[in-house]
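Protein chains in written order, with the working numbering: chain A, 1 to 299; chain B, 1001 to 1299. Quick reminder that beta carbons are idealized off the backbone N, C-alpha and C, glycines included. On a predicted model such as this, the values are computed, not experimentally measured, just so you know. These notes are about the structure you will find just below.
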């Protein structure tokens, strides 16, 4: 997990990573977060005004309702800190999308898609300037829409999910399987001219173009922001996806595809925005000039 | 075109249909609407408080920006009436969705999809209680999402669009073509046990299940309201679509599929709501008890 101490003017005073003690159970993770927050807070000038937290699964502003990976069920926001200050929770991908919206590639754009492509794929739909999570918080599962309805079975059990063709993990896995190798990483597949690698990458690009055409026709975004590890591929990703997206759309323009601006800091910066909202300062953020680290800390 | 005079309490005092003089050009259609509105207004007790209009194409509250079918470009709302009263425009499908949301099957449900399946297919996405049209008003084109990415070419030029498999017109056309017949209508295909008819209907159902699974995973609606001529098929549509939608979703529940409540009056009633909004009475509608005609006037 990552954490930071972010000032009223957007200065990142401290930013650290710690392991997530998942194996020790749900309560141990909550306790680790509590300790992490106290540690970050102690580095500041007095008690922080608020805490923001980006968490996986189903989440409301004041409760981490459900997270399979971590075993959480209805953990109140206040459980995450020993400090007597306001806390606001957000969904992990949507909190990254909030940061891209307020501080990053989507600054000033009320309606866009933020699509981080990493080990998995999920999207943050920014609609009317805010992340939209659906009726019950399960929205944005673009990684599991059926792009090839009779396609391969995804780990989730469904057929032909975008994620099973186009996530970084899937690109590596599908190539390794076909080439009879082990543990080849997506970035190696992208840069290879081995015909099998070209084929696997082509299928990932095709899957992405179907998903983005679908999103465009349904939600008419001003632009699509691609992030996550796979977006580091740059033109090798953007150029063919753009070409195929344009080709799939007959009666409307394709929205521009642009790279995310905040890299791996999106979640932490979005959490900082939530922290300032918790503190009653929702107007903060739009004026911040954020120093973005050029290289990902983790892939 | 259809028009009506609707009172403050939701009473439909008058409701009529007139031909749309499309062949006479864009201005003739505007003039015909102007005449129709004056006629409806004259039947009331004094001058109406406002006018609402559901129009096709790209539309803002005060301008009909663009409609290919009618040849409109930037027609101001005020051009549609000779009366000196406020006018509000809405997109045709989204105005029907507004009516289903305020008065119909979606009453009290902030987030759902209204999907009328008729000659064509387009959806009204109700999000946070209001129809959402996307960044520039072109959203909701679920009829043209690529459900079978390598499928048949749609009249729009794209490949594998939902509409080209599952609209009433397509079901009739595809069956007629395969059976070597002419002009068979969708309702005949649905009720036939001819193996070719069963196959065509099966493909329509499959296309719908892919589209609705996609919508569900992206937008997490509370429910999906099916309307339009094809929804008159009742269980022959709802049952197999529901079964396949459930089957396509592995890690989340399928939202309930429910029939639209307002039939062919949805657009007119939605326009009435817009008219009352134009008149400064946005609160009207939720208390109305609407008499819905059981049979469609047009298919």
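Cut-off 6 Å between Cβ atoms - residues of its own chain near residue i, not counting five sequence neighbours on either side
i	result
residue 1236/B	1190
residue 88/A	52, 61, 274, 277, 278
residue 1244/B	1209
residue 1018/B	1001, 1036
residue 33/A	80
residue 1268/B	1002, 1004
residue 1049/B	1279
residue 284/A	276
residue 228/A	116, 117, 118
Any chain A beta carbon closer than 7 Å to residue i
i	result
residue 1239/B	no
residue 1061/B	no
residue 1251/B	yes
residue 1220/B	yes
residue 1136/B	yes
residue 1213/B	yes
residue 1111/B	yes
residue 1144/B	yes
residue 1149/B	yes
Residue-chain proximity (residue i, chain B), Cβ-Cβ < 7 Å
i	result
residue 72/A	no
residue 210/A	yes
residue 131/A	no
residue 121/A	no
residue 158/A	yes
residue 217/A	yes
residue 126/A	no
residue 267/A	no
residue 116/A	no
Range covered by the beta strand (DSSP E) that runs through residue i
i	result
residue 1126/B	1124-1127
residue 1072/B	1072-1076
residue 1224/B	1223-1227
residue 1287/B	First-last for residue 1287/B: undefined, no H or E at that position.
residue 1017/B	1012-1017
residue 1130/B	1130-1132
residue 60/A	58-60
residue 1087/B	1087-1091
residue 1103/B	Residue 1103/B -> no beta strand (DSSP E), and no H or E assigned at all.
Proximity to residue i [Cα-Cα], best of the options
i	options	result
residue 7/A	225/A, 46/A, 1/A, 223/A	46/A
residue 1109/B	1223/B, 1208/B, 1199/B, 1169/B	1223/B
residue 1092/B	1080/B, 1106/B, 1056/B, 1066/B	1056/B
residue 1287/B	1211/B, 1201/B, 1107/B	1107/B
residue 1257/B	1202/B, 1267/B, 1234/B	1234/B
residue 1240/B	1172/B, 1212/B, 1068/B	1212/B
residue 1076/B	1069/B, 1085/B, 1084/B, 1063/B	1063/B
residue 216/A	1130/B, 1137/B, 1040/B	1137/B
residue 26/A	242/A, 74/A, 134/A	74/A
residue 134/A	1238/B, 1205/B, 1221/B	1221/B
residue 1248/B	1155/B, 1289/B, 1290/B, 1205/B	1205/B
residue 1161/B	242/A, 102/A, 203/A, 251/A	251/A
residue 116/A	242/A, 231/A, 272/A, 238/A	231/A
Cβ-based neighbour list, residue i, same chain, cut-off 7 Å, excluding 5 preceding and 5 following
i	result
residue 1078/B	1087
residue 1270/B	1054, 1090, 1095, 1096, 1098, 1099
residue 246/A	254
residue 1132/B	1125, 1139
residue 1298/B	Model confidence at residue 1298/B stands at a pLDDT of 40, short of 50, so the residue's coordinates are unreliable and nothing is read from them.
residue 159/A	146, 149, 150, 151, 153
residue 1261/B	1100, 1104, 1105, 1292
residue 974/B	There is no way to answer for residue 974/B, as the model of chain B reaches only from 1001 to 1299.
Span of the alpha helix (DSSP H) around residue i
i	result
residue 1243/B	1235-1248
residue 1025/B	First-last for residue 1025/B: undefined, no H or E at that position.
residue 52/A	First-last for residue 52/A: 51-55, but that is the beta strand (DSSP E), not the alpha helix (DSSP H).
residue 300/A	Limits of chain A in this structure are 1 at one end and 299 at the other, which puts residue 300/A out of reach.
residue 262/A	Taken as a continuous stretch (DSSP letters only), residue 262/A belongs to no alpha helix (DSSP H), as it is neither H nor E.
residue 1184/B	Neither: residue 1184/B is in no alpha helix (DSSP H) and is coded neither H nor E.
residue 1195/B	1195-1219
residue 1083/B	Neither: residue 1083/B is in no alpha helix (DSSP H) and is coded neither H nor E.
Residues near residue i by beta carbon distance below 8 Å, same chain, minus five either side
i	result
residue 127/A	110, 111, 219
residue 120/A	143, 163, 167, 169
residue 1043/B	1005, 1013, 1014
Distance cut-off 6 Å: residue i Cβ against heavy atoms of the ligand COA
i	result
residue 1184/B	By its list of ligands, the structure shown contains no ligand whatsoever, and the ligand COA lies outside what it can speak to.
Contact with chain D by residue i, beta-carbon distance below 7 Å
i	result
residue 1139/B	The chain labelled as chain D is not found among the protein chains of the depicted structure, namely A and B.
For this session: Please confirm if the region 1093-1113 of chain B is in contact with the region 173-189 of chain A, defined as three or more CB-CB distances below 8 Å between the two stretches.
Result: When C-beta atoms of the region 1093-1113 of chain B are compared with those of the region 173-189 of chain A, fewer than three pairs fall below 8 Å, so the two segments do not count as touching.
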